[in-house]
Every structure is written in C-alpha cells, then in structure tokens.
Amino acid sequence: MNLVLVVNAGSSSLKYQLLNMDDESVIAKGNCDRIGIDGKLSHKVPSRGIAIDEDCTFPTHTEAFEKLVEVLTTGEGRVIDSMSEISAVGHRIVQGAEIFDKACLVTEEVIDRIDALSDLAPVHNHPHALALRACTKVLPKGTPQVVVFDTAFHQTMPPKAYMFGLPYEDYKDLHVRKYGFHGTSHRFVSQCLADAMGRDIKTLKIVSCHLGNGSSITAVDGGKSVDTSMGFTPLDGIVMGTRTGAVDPSAVTYVMEKRGFTPHEMSQYMNKKSGFLGLSGVSSDNRDIQEAVLKGDEKAIITSDILQYQIKKYIGAYAAAMNGLDAVLFTGGIGENSWEVREAVCENMDYFGIKIDNDLNRKTRGKLTKLSTPDSKIEVWVVPTNEELLIARDTLAVIGK
Ligand code: AMP
Numbered sequence: 039m040n041l042v043l044v045v046n047a048g049s050s051s052l053k054y055q056l057l058n059m060d061d062e063s064v065i066a067k068g069n070c071d072r073i074g075i076d077g078k079l080s081h082k083v084p085s086r087g088i089a090i091d092e093d094c095t096f097p098t099h100t101e102a103f104e105k106l107v108e109v110l111t112t113g114e115g116r117v118i119d120s121m122s123e124i125s126a127v128g129h130r131i132v133q134g135a136e137i138f139d140k141a142c143l144v145t146e147e148v149i150d151r152i153d154a155l156s157d158l159a160p161v162h163n164h165p166h167a168l169a170l171r172a173c174t175k176v177l178p179k180g181t182p183q184v185v186v187f188d189t190a191f192h193q194t195m196p197p198k199a200y201m202f203g204l205p206y207e208d209y210k211d212l213h214v215r216k217y218g219f220h221g222t223s224h225r226f227v228s229q230c231l232a233d234a235m236g237r238d239i240k241t242l243k244i245v246s247c248h249l250g251n252g253s254s255i256t257a258v259d260g261g262k263s264v265d266t267s268m269g270f271t272p273l274d275g276i277v278m279g280t281r282t283g284a285v286d287p288s289a290v291t292y293v294m295e296k297r298g299f300t301p302h303e304m305s306q307y308m309n310k311k312s313g314f315l316g317l318s319g320v321s322s323d324n325r326d327i328q329e330a331v332l333k334g335d336e337k338a339i340i341t342s343d344i345l346q347y348q349i350k351k352y353i354g355a356y357a358a359a360m361n362g363l364d365a366v367l368f369t370g371g372i373g374e375n376s377w378e379v380r381e382a383v384c385e386n387m388d389y390f391g392i393k394i395d396n397d398l399n400r401k402t403r404g405k406l407t408k409l410s411t412p413d414s415k416i417e418v419w420v421v422p423t424n425e426e427l428l429i430a431r432d433t434l435a436v437i438g439k
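Read in the numbering used here, the sequence shown has 118 at position 80, and its numbers run on one by one without any break.
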C-alpha cells in the first residue's frame with residue numbers, strides 16, 4: 039500500500055488524514071485538538087465504523103504527534119503496525135509568499151523559511167513550523183515530508199492583479215501584496231471541472247467560488263490563477279462567517295479611532311466578530327442565517343443579500359478580466375450545500391447567459407453536478423473539494439512516486 043499522511047496543523051490543533059493512494063481512499067482521519075490547553079483526540083476509521091474520543095495532554099505539537107503515532111499503530115483505532123509503512127507526510131502550509139510557488143520536500147532550511155514568513159501569516163505559519171519540527175522529531179528517520187502551500191497556485195497572478203495602490207516600497211520592503219489563499223482547493227476543483235466537462239483545462243475560463251467559513255473566488259484562465267478575491271491575508275474579498283471581506287481602509291482607521299482599538303484588537307474585530315456574525319447578530323454559520331431569513335429576520339436577510347451580491351459581482355468582474363467565461367463552479371461547505379445561495383447568485387444573470395435548473399439545484403448537495411440547463415451559455419457546476427487528496431497527490435509527485 040502507498041500510504042500518505044496529510045497533516046493540517048494550526049496553533050492549537052493538528053488535523054490529519056491517512057490515505058491509501060492506491061485507490062485514494064481514507065483509512066483514518068481525526069484531530070489532536072486543544073494543543074497547549076489540555077488536549078482532545080478524535081480519531082475515526084471509516085471502514086470499520088470506529089470513532090474514538092479521548093481526553094489527552096498535549097502541552098505542545100510534539101505530544102500531539104506522539105499521540106497520533108500511538109493511535110495509528112496501537113489499540114482499537116490501529117490501522118498500521120508502524121509509521122515506517124507510511125511513504126510520506128504532506129503538510130498544508132497557508133503562506134508560501136513569493137518564495138514557494140510549488141510543493142517541495144521539507145528540509146531544516148525550508149522549515150526556517152516557513153517560520154520566517156510568520157510576519158505575513160502570524161496565526162498560521164509559526165504553528166506550521168512548530169508542527170513540522172515536532173513531526174520530524176517523532177517520525178522514523180528518513181520518512182520524506184512535503185509542504186504544499188495555499189498561496190502557490192496564485193503565484194501565476196500578474197502584478198496588475200496582485201499589487202495594491204500603496205507606495206512601491208511597501209511591496210519591496212514589507213512584501214505587502216495580494217497572495218491569495220485556498221489555492222489547493224481552487225486548483226483541485228478547477229481540474230475536476232475540466233475533467234467533468236471533458237475539456238482540456240488549458241482551453242477553459244473558470245470562476246471558482248470556494249464558499250465556506252472562509253470564502254474566496256478565483257479567476258482560473260487556462261488552468262492558471264489570474265486573480266483571486268483574498269488578499270494579503272485571508273481577510274479580503276467577500277463577506278465570510280466572522281471575517282469582514284473587503285472594507286474601505288478609511289472605515290478601518292475610523293472605527294479604530296472611535297472605538298479606541300489597538301491594531302491587534304481591530305484585527306480580531308475584523309477577523310472574529312464581523313462577517314455573517316457581526317452583520318446578522320445571529321450566527322457565523324450560513325445554515326443559521328438561511329433559517330433566520332425564512333423567519334423574516336431583517337439583519338439576516340441583509341447578510342444573505344450581501345453575500346449573494348458580492349459573489350455575483352466577482353463573477354462579472356472576472357468574466358471581464360478573462361475576456362470570457364466558460365463555467366462557474368461552487369465548492370466549500372456553502373457552495374456544495376446551500377441551494378439558496380447558488381440560486382440567488384445565478385438569478386438575473388441572463389445578460390451573461392447563465393441559466394440553471396432550479397429543481398436540480400434544490401436537490402443538489404455535496405455531489406459533482408452540472409446545474410446549468412442545456413441552453414445556458416455558461417456552464418454552472420457544483421464540484422466537491424478535497425484538499426487533502428490533492429496534498430497527498432502532490433506529496434507523492436514531489437517524492438517521485
Ligand atoms: P466549510 O468552511 O467549507 O466547512 O463550510 C462551512 C459553512 O458551510 C458554514 O457556513 C455552514 O453553514 C455551511 N454549510 C454546511 N452544510 C450546509 C448545508 N447543508 N446547507 C447550507 N449551508 C451549509
């Protein structure tokens with residue numbers, strides 16, 4: 039068996055999937071959560087219907103990795119005899135900046151460079167580096183590790199798409215520019231869509247809408263990202279669960295002054311207290327927003343309208359940027375499941391020639407489905423994302439398997 043362990047480490051969590059790449063099935067998956075707080079393990083073996091939940095002690099990522107090794111190799115949740123059966127480990131890394139434009143093998147120098155990018159992604163990159171060091175300590179010597187970057191897919195954007203109107207020195211000295219995120223997902227779903235359409239991706243102009251707790255929209259021209267809605271950080275673009283999306287920068291400094299916020303407090307305010315949650319006062323979860331809309335909740339209706347309107351505007355903008363559009367795809371928790379959002383986005387788009395089958399749309403959840411009618415000028419699809427699978431595929435490609 040060709041086994042790849044995919045790791046997605048955050049500051050207090052370590053999510054994992056063990057995949058059998060012979061048939062791309064998931065052998066086990068779970069999360070070592072609450073690292074540095076107390077510790078909670080959840081571990082699932084789907085084929086045997088096993089679900090383990092256990093309180094643990096995880097002072098650092100190292101203890102979490104040790105627990106992961108233990109649960110994979112011993113006890114009820116055991117799926118392998120030893121970690122040496124694993125061909126490689128693939129790590130999701132949020133920020134690769136301009137240094138990493140593709141996946142690569144992990145070395146001490148690579149870990150240091152990822153850590154050095156922590157200024158650009160403080161919430162993510164330092165924990166990634168901690169996890170990489172912990173994993174290296176715990177894995178059998180010689181197990182290859184690969185890092186796959188969220189930003190790498192967007193490194194093909196031209197300067198006109200990634201530069202801001204700030205003085206050039208801020209780009210040169212401080213590396214302030216649009217990086218874009220969710221790249222692994224956009225790359226995976228746009229290729230799946232091309233396959234489903236029976237077309238070479240090089241001939242397609244796609245708008246990929248990854249709509250979840252965090253959302254981003256990408257213009258994919260000929261298989262390459264040419265623009266994307268997230269920016270310097272994952273805060274930019276459309277309104278999200280708890281994130282503002284794009285805001286006039288003057289409104290940010292104004293709110294800071296009026297409310298007496300420090301830069302850190304303002305960042306927390308825009309990242310954690312805004313978006314669906316702050317606008318609606320109901321919840322950060324789209325399901326709760328849609329439920330409140332049905333009950334006539336005014337603020338929930340505005341929240342839902344803003345989301346749908348902003349997605350529509352990106353579709354229009356990116357069709358103009360690419361001088362054409364062949365297909366729009368929806369993915370992520372909202373994109374795959376929320377027929378309400380998809381229906382509203384595709385409504386009144388006859389100028390573009392977008393027409394979807396509303397009955398089919400209402401029935402579609404989490405399945406690869408073409409929603410557009412045969413006479414629609416632009417195809418509209420739901421394409422489930424699977425970032426872990428693409429990370430595992432990239433990992434094998436990097437180690438040459
Ligand atoms: P993600 O971050 O991709 O896991 O997506 C999370 C978002 O997807 C949340 O806002 C959920 O409310 C939304 N979501 C998940 N399932 C559904 C569903 N069945 N209907 C509507 N929204 C959903």
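Cβ atoms here follow ideal geometry from the backbone N, Cα and C, with glycine treated the same way.
> When the Cα atoms are used, what is the spatial distance from Ile339 to Ser376?
Replying inline: 15 Å
> Which residue or residues does DSSP assign as beta-bridge partners of Gln55?
Replying inline: Val44, Lys67
> If Asp71 and Ser49 are in contact, beta carbons under 8 Å, what's the gap, nearest whole angstrom?
Replying inline: The pair is not a contact, with the Cβ atoms about 11 Å apart (cut-off 8 Å).
>> If contact is defined by three or more beta carbon pairs under 8 Å, each pair taking one atom from either stretch, is the region 256 to 264 in contact with the region 239 to 246?
In response: yes
> Which term fits Ile149, buried or exposed, when burial requires 16 or more other beta carbons within 10 angstroms of its beta carbon?
Replying inline: buried
>> If distances are taken between C-alpha atoms only, which option among Val161, Cys230, Asp265 comes closest to Met201?
In response: Asp265
>> Please give the ranges of any alpha helix (DSSP H) in the region 103 to 154, keeping only runs that are unbroken, at least 4 residues long and fully inside the region.
In response: 146 to 154
> How big is the Cα-Cα spacing for Lys198 and Gly391?
Replying inline: 28 Å
> Beta carbon of Ile276: closer than 8 Å to some heavy atom of ligand 1?
Replying inline: no
>> So, with DSSP's three-state summary, where would you put Cys247?
In response: strand
> Can you find a heavy atom of ligand 1 that lies under 8 Å from the Cβ of Asn375?
Replying inline: yes
> Given Ser122, which residues of its chain have a CB within under 8 Å of its CB, disregarding the five upstream and five downstream residues?
Replying inline: Pro178, Thr181
> Near Leu363, what residues of its chain come up, given a Cβ to Cβ distance below 6 Å and the 5 sequence neighbours on each side ignored?
Replying inline: Lys243, Ala357, Ile416
> Roughly how many angstroms separate the alpha carbons of Lys53 and Val64, rounded to a whole number?
Replying inline: 13 Å
> For Ala365, which residues does DSSP report across the bridge?
Replying inline: Ile244, Glu417
> Just the Cα atoms here: how many angstroms apart are Glu114 and Arg86?
Replying inline: 10 Å
>> Let's test the definition: count the other Cβ atoms within 10 Å of the Cβ of Glu205 and tell me whether it reaches 16, buried, or not, exposed.
In response: Per the sequence shown, the amino acid found at residue 205 is Pro instead of Glu. The residue is exposed, with fewer than 16 neighbouring Cβ atoms inside 10 Å.
>> Can you tell me whether Asn15 sits near ligand 1, meaning its C-beta is under 8 Å from at least one heavy atom of the ligand?
In response: Since the first residue of the chain shown is 39 and the last is 439, residue 15 is not available in this structure.
> Which residue comes first and which comes last in the alpha helix (DSSP H) that contains Leu428?
Replying inline: 425 to 436
>> Quick check for students: name the residue ranges of the alpha helix (DSSP H) that lie wholly in the region 368 to 410, counting only runs of 4 or more.
In response: 370 to 375, 377 to 384, 396 to 401
>> Is the beta carbon of Gln133 closer than 9 Å to that of Asp188?
In response: yes
> What's the call for His129, buried or exposed, on a 16-neighbour Cβ count within 10 Å?
Replying inline: buried
> Is it right to say Lys408 is buried, meaning 16 or more other beta carbons lie within 10 angstroms of its own, or is it exposed?
Replying inline: buried
> In three-state DSSP terms, what is Asp61?
Replying inline: coil
> Can you find at least 3 beta carbon pairs, one from the region 324 to 335 and one from the region 212 to 227, that sit closer than 8 Å?
Replying inline: no
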